[in-house]
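The next block holds one structure in the form of structure tokens; read it before the comments.
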Amino acid sequence: MENTTPGTDATRFAFRDDRSRGARIAWQARIFGAYFVQFLKMRLAYRVDFVIDTLAVLFSLVIQLAVLGVMFSKVRALDGWTYPQVLFIYGFSLVPLGLFNLISVNLYGFADEYLVGGRFDRVLLRPVGSLAQVIFESFNVSGLSEIALGLAIMAGAGLKLGADFGVTDLLALLVLAPGAALVYLGVFLGITTVSFWFEDKMGLAPPVYNLIRFSRYPITIYSLPVRVFLTFVLPFAWVAFYPAAWFVGGERFGKVALLTPLVGVLVFGGAALLWRRGVRNYVSTGS
Amino acid sequence: MNAGAAVTAGLAPWRRTRLASLGLYGHFIRLAFLKFLAYRLRYYTGVISYTVFVAGHYYLYLALYAGRAADGLGATVGGLTVREMITYVAVSWIGRSLYFNNISRDLARMVSEGEIAMHLIKPFHLQSVMMAEAVGEAGFRLVMFTVPIMLVVAPVFHVGAPAGAAALLWTLVSFTLSLVIYSQMGFLVGCLAFAMKNIQGVLRAQMVGMDFLTGVIVPFTFFPAWFQAAVNWLPFQCISYVPVMIYLGKRTGPALVSGILLQVAWAVGLTVAARLIWRQATRRVTVQGG
């Protein structure tokens, strides 16, 4: 292919088939980096919106902390879990949730905007993976606030616990949080992918999304069927409780936490395979 | 101009009798009911959502009361036993399934997309139309949503019966008033879109804050005294806390009367406030494109 267009962007982002696999991945990463920068520029044009969005995140956080605080003003421990422990799990839960929220906006409107609206044709014409394009075409910057606030709450709860976190714990966080975010991404990608085959008239995502808020509590408070359901069927126990147990779960759950990345890869991998089949099944609406 | 007005005087839809007005807005009630009936499939999964909400809080409160028992603390928290607490949670969510609507979001969308211009030139008051539609939606919700949720939730979580026949009746009256208060508050929030370019953040805050401030998630008696004093002055408690307490028989006699009167006062007050603000806001509307 000849590419005579001048300018750095044109050469930097030009598609070349002769690249090695590594160079191709780096090239794709550069493209998605550029997507993000572009999106930030767009968002920064409306700075007030960003401030308001952040305030909304902060507001929801204050409320949830108030609920936790009030609960623990009436009881010393929930099924043996103390306030700082539950607080820590809550703080942890915000990090993968923030990571997921950052990139998940397009999944919700996918059926309407991409499949019915015809934007998916454009995606398929480009020489970059279709799933990555859809995910990285829009961001929700308030996810960043959630991550920051989550880390702050974890630090605060850690201090209250008098926990002695070291480098291993930091490394664990760097593996566990993205692993948990993959679980979110896999579950909601799976739901989104269904729309390749049939129109989702029922709205499958909202009830699943509503379940998230209860995944932040120690799952031992739930009955056995609910625990089994959250561990194996709709694996939301892996988005907060199990990974956070590495830090506060002690003997009983500390080791289970390490399975989180594996669960994340499995759930996301399954959803990605489904996506691939869906793309093959895709017929344009022509609009 | 005068000649034109004379010709159309016979058709002038803004000059109508009270009965005709009633018919007009009644028509919107019916239309809203039918519109939501077309989307009824979405409410099947909604039943699951509400069951999840009740279930989550059910386990949470069971653990809380069990934790207190283990520490030898009292069996009531904020004046509620564990059975009453479960009933509180269930009735709160069942009520919410009835009065909930998206007036704020719908109005905000109309304003920011410019569709509002088309409504302003029509011979009706949008506030009344949206209230009528909220009634139609609530009618649909009652039959297709609230009753199914009740049928699932009540046996599964052993929800307690109402304190008596009168309490049940007054709970229904009270939740009907909740619908008016909730809708008018939504209308007021939606009016903010006239002043702000983007009210997504406000809508998010409303969505998150509402269930907390209305008492759906935690009853106010759990909170410190200063917080309870503060919510007494706000309209939110009239949306959920008041009707649920009536159901539980915690508001009887004079407290019942004052609760209902307070609801009526807020319903009227917010409707009037919304009408005044609407009048101000629509004086200068800038529609870009549309």
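One line per chain: the protein sequences are A and B, in this order. Everything in the first sequence is counted per the numbering used here, starting at -8 for the first residue and increasing by one. Everything in the second sequence is counted per the numbering used here, starting at 43 for the first residue and increasing by one. Here a beta-carbon is modelled for each residue, glycine too, at the ideal position from N, C-alpha and C. Small disclaimer: the values here were computed from a predicted structure and weren't measured.
Distance, residue j Cα to residue i Cα
i: E157/B; j: I241/B; result: 16 Å
i: F30/A; j: G24/A; result: 10 Å
i: V254/A; j: L161/A; result: 20 Å
i: A68/A; j: L106/B; result: 8 Å
i: A231/A; j: M145/A; result: 12 Å
i: I182/A; j: M172/B; result: 33 Å
i: S95/A; j: S121/A; result: 14 Å
i: G269/A; j: A263/A; result: 10 Å
i: Y26/A; j: E128/A; result: 6 Å
i: V61/A; j: R12/A; result: 54 Å
i: V258/B; j: V274/A; result: 45 Å
i: S216/B; j: A316/B; result: 21 Å
i: S146/B; j: A171/A; result: 34 Å
i: T211/A; j: R218/A; result: 7 Å
i: T184/A; j: N143/B; result: 29 Å
i: A235/B; j: D9/A; result: 52 Å
i: G109/B; j: Y105/A; result: 49 Å
i: P204/B; j: L210/B; result: 6 Å
i: F41/A; j: L83/B; result: 35 Å
CB contact check: residue i to chain A, cutoff 8 Å
i: V194/B; result: no
i: G46/B; result: Annotation note: pLDDT 47 at G46/B (below 50); position unreliable, no value reported.
i: L318/B; result: no
i: S91/B; result: yes
i: F265/B; result: yes
i: R110/B; result: yes
i: G243/B; result: yes
i: F95/B; result: yes
i: N274/B; result: no
i: T256/B; result: no
i: Y101/B; result: yes
i: Y141/B; result: no
C-beta contact flag for residue i and residue j at 8 Å
i: P308/A; j: V195/B; result: The structure shown does not extend to residue 308/A, since chain A is modelled only from -8 through 278, so no value can be given for it.
i: V124/B; j: L102/B; result: no
i: F50/A; j: A272/B; result: no
i: F79/A; j: L165/A; result: no
i: T335/B; j: Q279/B; result: Residue 335/B cannot be examined here, being either before or after the span of chain B that is shown, 43 to 332.
i: S206/A; j: F101/A; result: no
i: L202/A; j: F227/A; result: yes
i: Y74/A; j: F83/A; result: no
i: G147/A; j: F156/A; result: no
i: V244/B; j: V231/B; result: yes
i: T328/B; j: G194/A; result: no
i: I16/A; j: F4/A; result: no
i: F254/B; j: I126/A; result: no
i: Y141/B; j: Y81/B; result: no
Distance cut-off 7 Å: residue i Cβ against heavy atoms of the ligand GDP
i: A143/A; result: Summarising the ligand content, the structure contains no ligands, and the ligand GDP is consequently not present.
CB contact check: residue i to chain B, cutoff 8 Å
i: N92/A; result: no
i: M(-8)/A; result: Note that M(-8)/A scores 41 on pLDDT, short of 50, meaning its location in the model is unreliable and no value can be drawn from it.
i: N131/A; result: no
i: S186/A; result: no
i: L225/A; result: no
i: S51/A; result: yes
i: L195/A; result: yes
i: N272/A; result: no
i: N97/A; result: no
i: D293/A; result: It is not possible to answer for residue 293/A, since the shown part of chain A is limited to -8 through 278.
i: M62/A; result: yes
Nearest residue (CA-CA) to residue i, options the options
i: E126/B; options: A207/B, K239/B, Y289/B, K77/B; result: Y289/B
i: I90/B; options: R207/A, A196/A, F127/A, S51/A; result: A196/A
i: L265/A; options: T159/A, F179/A, A5/A; result: F179/A
i: F70/B; options: P261/B, G178/B, H161/B; result: G178/B
i: G181/B; options: D148/B, L76/B, A132/B; result: L76/B
i: V256/A; options: A236/A, R218/A, L167/A; result: L167/A
i: P169/A; options: M193/A, I138/A, R267/A; result: I138/A
i: S133/A; options: F91/A, G245/A, V224/A; result: F91/A
i: H99/B; options: A62/B, V133/B, L219/B, A74/B; result: V133/B
i: A36/A; options: K239/B, T213/B, L318/B, Y92/B; result: K239/B
i: A309/B; options: V260/B, V131/B, A297/B, L276/B; result: L276/B
i: L64/B; options: H167/B, A203/B, H161/B, R110/B; result: H167/B
i: L334/B; options: L318/B, R321/B, V185/B, P285/B; result: Residue 334/B is absent from the structure shown; chain B starts at 43 and stops at 332.
i: V58/A; options: F264/B, T328/B, V327/B, V299/B; result: F264/B
i: Q124/A; options: L135/A, S136/A, R110/A; result: R110/A
i: I128/B; options: L214/B, L230/B, P197/B; result: P197/B
i: I136/B; options: A111/B, H161/B, T188/B; result: T188/B
i: F238/A; options: Q76/A, L46/A, R113/A, Y99/A; result: Q76/A
i: V174/A; options: L221/A, Y213/A, L215/A, S214/A; result: L221/A
Exercise. Touching or not, the stretch 148 to 155 of chain B and the stretch 112 to 122 of chain B, by the rule of three or more beta carbon pairs under 8 Å?
Worked result: no
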